[in-house]
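Sequences listed follow chains A and B, in order.
Residues in the first sequence are numbered from 1 upward in steps of one, following UniProt numbering.
Residues in the second sequence are numbered from 1 upward in steps of one, following UniProt numbering.
Contents: one structure, followed by commentary.
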Amino acid sequence: MFELEQVSKRFAGTQALQPLDLHVPEGRTTVLLGPSGCGKSTLLRLMNGLLRPDTGRVLFRGQPLRDEELLTVRQRMGYALQGGGLFPHLTAEGNATLMARYLKWSSERVHARLRELVELTRFPPDALGRYPGQLSGGQRQRVSLMRALMLDPDVLLLDEPLGALDPMIRYELQGDLRDIFSRLGKTVVLVTHDLGEGAFLGDQVVLMREGRIVQQGPLAELERAPADPFVTRFFQAQRLPVSGGHA
Amino acid sequence: MRALIIGVWLVLAACSGAPSEEAPVRVGSKKFTESVILGDMVTQLARSTGARAEHRRELGGTQVLWQALRRGEIDVYPEYTGTLRQEIFAGRALPDDESLRQALAAEGLRMSAPLGFNDTYALGMKEAEAERLGIRTLSDLREHPELRFGFSNEFMDRGDGWPALRARYALPQRDVRGLDHDLAYRGLESGAIQVTDLYSTDAEIAYYGLRVLEDDLRHFPTYDAVLLYREDLGGRAPEVVSALGRLEGRISEPEMVELNARAKLQRVPERQVAAAFLERELGLTVTVRGDSMGASLWRHTREHLFLVGLSLLAAIAVAVPLGVLVARRPRLGQGVLALAGIIQTVPSLALLVFMIPLLGIGARPAIVALFLYSLLPILRNTAAGLTGIAPEVRESAEALGLPPGARLRLVELPMAAPSILAGIQTSAVINVGTATLGALIGAGGYGQPILTGIRLDDTSLILQGAVPAAVLALLVSGLFELVERLVVPRGLRL
Numbered sequence: 001m002f003e004l005e006q007v008s009k010r011f012a013g014t015q016a017l018q019p020l021d022l023h024v025p026e027g028r029t030t031v032l033l034g035p036s037g038c039g040k041s042t043l044l045r046l047m048n049g050l051l052r053p054d055t056g057r058v059l060f061r062g063q064p065l066r067d068e069e070l071l072t073v074r075q076r077m078g079y080a081l082q083g084g085g086l087f088p089h090l091t092a093e094g095n096a097t098l099m100a101r102y103l104k105w106s107s108e109r110v111h112a113r114l115r116e117l118v119e120l121t122r123f124p125p126d127a128l129g130r131y132p133g134q135l136s137g138g139q140r141q142r143v144s145l146m147r148a149l150m151l152d153p154d155v156l157l158l159d160e161p162l163g164a165l166d167p168m169i170r171y172e173l174q175g176d177l178r179d180i181f182s183r184l185g186k187t188v189v190l191v192t193h194d195l196g197e198g199a200f201l202g203d204q205v206v207l208m209r210e211g212r213i214v215q216q217g218p219l220a221e222l223e224r225a226p227a228d229p230f231v232t233r234f235f236q237a238q239r240l241p242v243s244g245g246h247a
Numbered sequence: 001m002r003a004l005i006i007g008v009w010l011v012l013a014a015c016s017g018a019p020s021e022e023a024p025v026r027v028g029s030k031k032f033t034e035s036v037i038l039g040d041m042v043t044q045l046a047r048s049t050g051a052r053a054e055h056r057r058e059l060g061g062t063q064v065l066w067q068a069l070r071r072g073e074i075d076v077y078p079e080y081t082g083t084l085r086q087e088i089f090a091g092r093a094l095p096d097d098e099s100l101r102q103a104l105a106a107e108g109l110r111m112s113a114p115l116g117f118n119d120t121y122a123l124g125m126k127e128a129e130a131e132r133l134g135i136r137t138l139s140d141l142r143e144h145p146e147l148r149f150g151f152s153n154e155f156m157d158r159g160d161g162w163p164a165l166r167a168r169y170a171l172p173q174r175d176v177r178g179l180d181h182d183l184a185y186r187g188l189e190s191g192a193i194q195v196t197d198l199y200s201t202d203a204e205i206a207y208y209g210l211r212v213l214e215d216d217l218r219h220f221p222t223y224d225a226v227l228l229y230r231e232d233l234g235g236r237a238p239e240v241v242s243a244l245g246r247l248e249g250r251i252s253e254p255e256m257v258e259l260n261a262r263a264k265l266q267r268v269p270e271r272q273v274a275a276a277f278l279e280r281e282l283g284l285t286v287t288v289r290g291d292s293m294g295a296s297l298w299r300h301t302r303e304h305l306f307l308v309g310l311s312l313l314a315a316i317a318v319a320v321p322l323g324v325l326v327a328r329r330p331r332l333g334q335g336v337l338a339l340a341g342i343i344q345t346v347p348s349l350a351l352l353v354f355m356i357p358l359l360g361i362g363a364r365p366a367i368v369a370l371f372l373y374s375l376l377p378i379l380r381n382t383a384a385g386l387t388g389i390a391p392e393v394r395e396s397a398e399a400l401g402l403p404p405g406a407r408l409r410l411v412e413l414p415m416a417a418p419s420i421l422a423g424i425q426t427s428a429v430i431n432v433g434t435a436t437l438g439a440l441i442g443a444g445g446y447g448q449p450i451l452t453g454i455r456l457d458d459t460s461l462i463l464q465g466a467v468p469a470a471v472l473a474l475l476v477s478g479l480f481e482l483v484e485r486l487v488v489p490r491g492l493r494l
């Protein structure tokens, strides 16, 4: 789905990404994993063109991202980030349907799609008229997910979608997200620093450190044959029964 | 950019449309009582010939009137020969009235014969004291070195003021102090000072029983009152020009002192003072129609709302798009903000006067000045509202695939609305207050009664302008609270 070739990115004196290659397979969930500041969010933003790479190029479905097509390409990529990034002046429904209404979908089509998404994300329908300020953290995240899925995109890009939630809600949403991923069968790229979450939601793990990819592959593979002492340390630092039930 | 063009167009359209019912004869007067009385006389004389005439009262100082006359925004106003020589044609040798006439003719202007009185600087003292000491002329002062002098601050500094006077007459007095002109009269009354400077037609001369000392060495230039008018007035309204001739040589110095006293001390409206004079001296019956208090309040309110409304609308149309630019292009924005800041630091009176050579007098320069003053708060708040939007919200809008214009319209402007509205509210309230200064350049509004009240030392008249201005500021502020409820999305008020 995505092909990144020798991309690098520098921000005001710090090299966020060293030149690297990455292949994101279609129809699978790829997890970008690593400690904060490792460059995983930067990598995600290169995929939907929120950031332009300093070197190298990003291909989406075999085509390089071009400025003039960026807006239409983004409509095929749902994006949700930590805290939801909801528009505070719009209701839950207004947030979810903003882009569809901008594209002049008929109101029947908008409402039909919204009903599907409410059911899919298990969002309480009576809360659709509420503003973000009146929603719980978990509900906000579900709205954010509905907004990302509204146009039925090819790809879902999620940046720490569950980062700001308390553990109970987080646990519940992790389960819901896995159901959604498997029902939709879409290409998903998920950024997280939580190994357990990555293992639970992802097929393919990309472990990053200081702007470099340390190792990638199925999680069990990383655990079995760590390519670097950092991989082992990262696993140990999570204090999880890694071999346990999740994966 | 489109909004900017619309804004400028609105201002220009309204300015050219506003004073549409132009009277054929427009009379101007300076912002002191004598000039206003003379202006009223001229206006009533012009009307007596059947012409339509309009008096733009108390427009400001010499420069304002002079510029307005040259630009043809007024046709005639009362002036003094001394002022023409010292201020308008300063540095040119114009020894007699004929050379003065030639200098004026070069500007397309004419000057009447003197009206009869000379309103020059003079020194005065209490009549009884002058009689006791035997002082009639300035030369007599040499014999009394113990006299205490108190002069207005302006007179202490002027080229033809105290230093030159002392040299010319070799005056020996050492007890000389500067003080406020109005306080000088009270000082004379209490005996704190014995001699002061005055204008030879001051109302207070009669009121305080002062003797004006004769300028026997002819130190002070003559300030003969004359009427200045445009040459083309003779072509447009010859009967008016010949009627003006009837005032020539008709007003003596004691007469003018008396007229000033009636207006200033007895608070008779200038219109009536002028009408009574014309009736007595020229046998002219003039009916004076004064506005009732309600009517003049309504007129001032209309004028004020016109100034504030138009300048504010134009400022919104220009400053909001500029604010967006400032937020989008921070480096360019710094320049724009700095420029708006500089405009804000120009004193309002100075800005109004700068506008006169460009835009003349009346509502037009006032609106442009108010427009410029209203920019900064709106600009700043628009930019602050936009840059204050959380990055993840902005990023979400971008990631949805909304083009920049739609992001602005659907997300950024609605979110910045509270801040933008607060900026407009600030501008509006400041604007209501600053617009009172518009009266100084003939724009009318609540400043008019304030100006007249200050000139006549009439507190109730000042309040007739100041109270409605304060009420209007409160109303405007309240109006924006209401607008905020309608405009700001409910989600932002939680």
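Backbone N, C-alpha and C define an ideal beta-carbon position, used for all residues, glycine too.
- Under the Cβ criterion of 8 Å, Leu494/B is counted among the residues facing chain A.
- Contact annotation for Glu270/B against chain A: no contact, minimum CB-CB distance about 57 Å [criterion: below 8 Å].
- Burial state of Phe117/B is buried, judged by a 10 Å Cβ sphere holding 16 or more other Cβ atoms.
- Straight-line spacing of the CA atoms in Arg250/B and Ala206/B works out to 20 Å.
- A Cβ-Cβ contact shorter than 8 Å links Glu253/B with Ser200/B.
- Cβ-Cβ separation between Leu138/B and Leu217/B: approximately 7 Å, consistent with a contact (criterion under 8 Å).
- Against chain B, the beta carbon of His89/A has neighbours under 7 Å at Pro414, Met415, Pro489, Gly491, Leu492, listed in chain order.
- Inter-segment contact for the segment 67-77 of chain A and the segment 110-128 of chain A is absent: fewer than three beta-carbon pairs are separated by less than 8 Å.
- Within the segment 155-210 of chain B, the complete alpha helix (DSSP H) segments of 4 residues or longer fall at 162-169, 181-190, 203-207, listed in chain order.
- Note that the C-beta distance between Val257/B and Ala203/B is below 8 Å.
- In the DSSP assignment, Ala96/A falls within the alpha helix (DSSP H) that extends over 92-102.
- Within the same chain, Arg211 come within 8 Å of Glu131/B by CB-CB distance, once the 5 residues on both sides are set aside.
- The beta carbon of Gln75/A falls within 8 Å of a beta carbon belonging to chain B, placing the residue at that interface.
- Contiguous beta strand (DSSP E) elements confined to the segment 48-89 of chain A occur at 55-60, 77-81, taking only those with 3 or more residues.
- Annotated three-state conformation of Lys9/A is strand, per DSSP.
- The three-state reading of DSSP puts Ala340/B in helix, counting H, G and I together.
- Phe2/A and Ala96/A have their C-alpha atoms spaced approximately 26 Å apart.
- Residue pairing by DSSP places Val24/A opposite Phe2/A in a beta bridge.
- Listed along chain A are Leu71, each with a C-beta nearer than 7 Å to that of Pro403/B.
- At a cut-off of 8 Å between beta-carbon atoms, Glu392/B makes contact with chain A.
- For a Cβ distance threshold of 7 Å, nothing in chain A lies close to Val324/B: the least Cβ distance comes to about 17 Å.
- A straight-line Cα-Cα distance of about 33 Å links Val64/B and Arg380/B.
- At a beta-carbon threshold of 8 Å, the residues of chain B lying near Leu50/A are Glu395, Glu398, Ala399, ordered along the chain.
- Pro88/A is positioned such that its CB atom lies closer than 8 Å to that of Tyr131/A.
- At a beta-carbon threshold of 7 Å, the residues of chain B lying near Gly85/A are Glu392, Val393, Glu395, Ser396, ordered along the chain.
- Following the DSSP letters along the chain, one finds Arg209/A in no alpha helix (DSSP H) but inside the beta strand (DSSP E) bounded by residues 204-209.
- Neighbourhood of Val411/B in chain A, by CB distance below 9 Å: Phe87, His89, Leu90, Leu98, in chain order.
- Taking CB atoms only, Ala369/B has no neighbour in chain A less than 8 Å away.
- Under DSSP, no beta-bridge partner is assigned to Phe89/B.
- In the DSSP assignment, Phe117/B falls outside any alpha helix (DSSP H), carrying neither H nor E.
- Taking 8 Å as the threshold, the shortest C-beta distance from Ala327/B to chain A does not fall below it.
- Not one beta carbon of chain A lies nearer than 8 Å to the beta carbon of Ala422/B.
- For Arg122/A, no beta strand (DSSP E) encloses it, and the DSSP letter there is neither H nor E.
- With a cutoff of 8 Å on beta-carbon distance, Ile169/A and Thr121/A are scored as not near each other.
- The C-beta of Pro124/A comes no closer than 8 Å to any C-beta of chain B.
- Non-local C-beta neighbours of Pro145/B in its own chain, meaning closer than 7 Å and more than five positions away in sequence, comprise Pro172, Gln173, ordered along the chain.
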